[in-house]
Amino acid sequence: MPVHAAGGATAGPRYAGHPALAPFAAGVAERRQLPERWVLGRLEQARRNDTVRRLVMPPPPGTARNWRAYRERFVERDRITAGLAFWRQHEPWLAQAEAAYGVPPEVVVGIVGVETYYGRVMGRFRIVDALATLAFDFPSGRSDRSTFFRGELEEFFVWCAREGVDPLAPLGSYAGAMGLPQFMPSSLNRHAVDFDTDGRTDLVGSGADAVGSVARYLAHFGWQPGMATHYAVQPPSQGDALPALRANDISPAFTAAQLQAQGVTLPEPARSHDGLLAFVELENGGGPASHYAGTANFYVITRYNRSSYYALAVSELAQAVKGAKASR
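The sequence shown: position 91 = 89 (our numbering), numbered continuously.
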């Protein structure tokens, strides 16, 4: 009889007997002072998940990216309404997080909204299956990230041991991310905080812990209070300047004056921006691209997910929910 994984796909074979398991478990036990038999025993019950292997692959070559379509998935009425409800429910925690870390409530609300629709979509893959699959059976056809996922699998066992969680129980995304803010295990261990001080760091059931952890994460990567995330700009009329502008992608590398000298048209707030800016270009399928000047705070959001599309969706959802709150 086939076994069905939490994510809905038929699970593959157990990892018991896989030649990489015993050395991995021994290394984790030695490095992290964990019981080797416990690590190995749980890993032997993990199952390969071929849906995970499929989902981790990049889109087919030639697939056009479309910012407007991407935006419509996240900045829409129902998600804004859910974001407003989340803000109202957790308003004291959001205020405390801003006081502690300098990150405004709307940005935290924007991230939780894009990541999990405020807890509606937190993933149904068993984490130990997802991470074991990507650690020991990473698919060919793209750059090999098995080393990264072995590190995350190790961090997962560290977190389970600290929190008293059975490694076979947690569910999350196909990549191994968990909770309202979809933290990878390494981020759980480094940045998550027991914000409600109940003795547990719970990013699934505690909105307070999720709020505090997101704010702490952004602060760690250099969030600057009071700074905008981006400005809409017009690209140079002469296309020969674009390659140099695109070269740094999401990394702020230009002063406002340098962007203007290369033909970029900036609005007044961007012209007076104190700090470096990135020239961000977002494709719109076959239509004209959208262009923005991304600030250091825009770059901080990309430390959460290394995508300019993601960072702009978070920023625009954040502002939409803030506007909805102000109008009611």
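Even glycine gets a Cβ: it sits at the ideal position worked out from N, Cα and C.
Residues bridged to residue i (per DSSP)
| i | result |
| --- | --- |
| A230 | Y290 |
| M120 | Answer is none; M120 lacks a bridge partner. |
| F252 | L275 |
| G170 | F123 |
| F219 | F219 is not bridged to any residue. |
| M176 | F181 |
| N47 | In DSSP, N47 forms no bridge with anything. |
| N64 | N282 |
| R12 | R45 |
| T263 | Q232 |
Whole-angstrom distance between residue j and residue i, CA atom to CA atom
| i | j | result |
| --- | --- | --- |
| G177 | A208 | 8 Å |
| E152 | G283 | 40 Å |
| A44 | R124 | 9 Å |
| K320 | E104 | 6 Å |
| H88 | Y68 | 27 Å |
| P0 | R198 | At P0 the pLDDT is 38, less than 50, meaning the model places this residue with poor confidence; the figure from the coordinates comes in the next sentence. Answer to the nearest angstrom: the Cα atoms are 36 Å apart. |
| A255 | Y302 | 29 Å |
| A238 | E161 | Position check: residue 238 holds Asp in this sequence, whereas Ala was assumed. Taking the straight line from one Cα to the other gives about 55 Å. |
| L166 | L19 | 16 Å |
| N295 | W91 | 22 Å |
| L82 | E42 | 43 Å |
| S313 | H189 | 21 Å |
| H2 | Y172 | Per-residue confidence for H2 stands at a pLDDT of 45, beneath the threshold of 50, marking its modelled position as unreliable; the derived number appears in the next sentence. When rounded, the distance between both Cα atoms is 15 Å. |
| G170 | A80 | 21 Å |
| D127 | P183 | 14 Å |
| N47 | L53 | 10 Å |
| S232 | T293 | This sequence places Gln at residue 232; Ser is not what is there. Rounded to the nearest angstrom, the two C-alpha atoms are 16 Å apart. |
| P286 | R326 | 36 Å |
| P58 | Q258 | 36 Å |
| G39 | A311 | 41 Å |
| G6 | A14 | Because G6 carries a pLDDT of 46, less than 50, the predicted location of this residue cannot be relied on, and the following value inherits that uncertainty. Approximately 22 Å, taken between the alpha carbons. |
| H16 | D194 | 41 Å |
Residue closest to residue i, alpha-carbon to alpha-carbon, out of the options
| i | options | result |
| --- | --- | --- |
| G10 | T131, W36, Y307 and A173 | T131 |
| L201 | V231, P168 and E70 | P168 |
| A175 | V50, P223 and Q232 | V50 |
| Q317 | P57, V112 and A217 | V112 |
| A180 | S305, T114 and V107 | Here residue 180 turns out to be Gln, not Ala, going by the sequence shown. Out of S305, T114 and V107, T114 has the C-alpha closest to the C-alpha of Q180. |
| D142 | M55, I299 and L315 | M55 |
| Y308 | A230, A23, I109 and G205 | I109 |
| F252 | V107, L264 and G273 | G273 |
| V101 | V298, L310, A24 and W221 | W221 |
| M120 | R148, G203 and T263 | G203 |
Self-check item: 4 or more residues per run - each alpha helix (DSSP H) lying fully within the stretch 271 to 307
Solution: Assignment of alpha helix (DSSP H) within the stretch 271 to 307, counting only whole runs of 4 or more residues, yields 294 to 300 in chain order.
Exercise. Say whether the stretch 96 to 114 touches the stretch 212 to 225, bearing in mind that this needs 3 or more beta-carbon pairs closer than 8 Å, one atom from each stretch.
Key: Yes, the stretch 96 to 114 touches the stretch 212 to 225.
Quiz item: Would you say the stretch 270 to 283 touches the stretch 53 to 65, given that touching needs at least three Cβ pairs under 8 Å?
Solution: yes
Exercise. Determine, using beta-carbon pairs with one atom in the stretch 233 to 247 and one in the stretch 134 to 141, whether at least three such pairs fall under 8 Å.
Key: no
Quiz item: Of all the beta strand (DSSP E) runs that stay within the bounds of the stretch 56 to 107, which reach a length of 3 or more residues?
Solution: For the stretch 56 to 107, not a single whole beta strand (DSSP E) run of length 3 or above is found.
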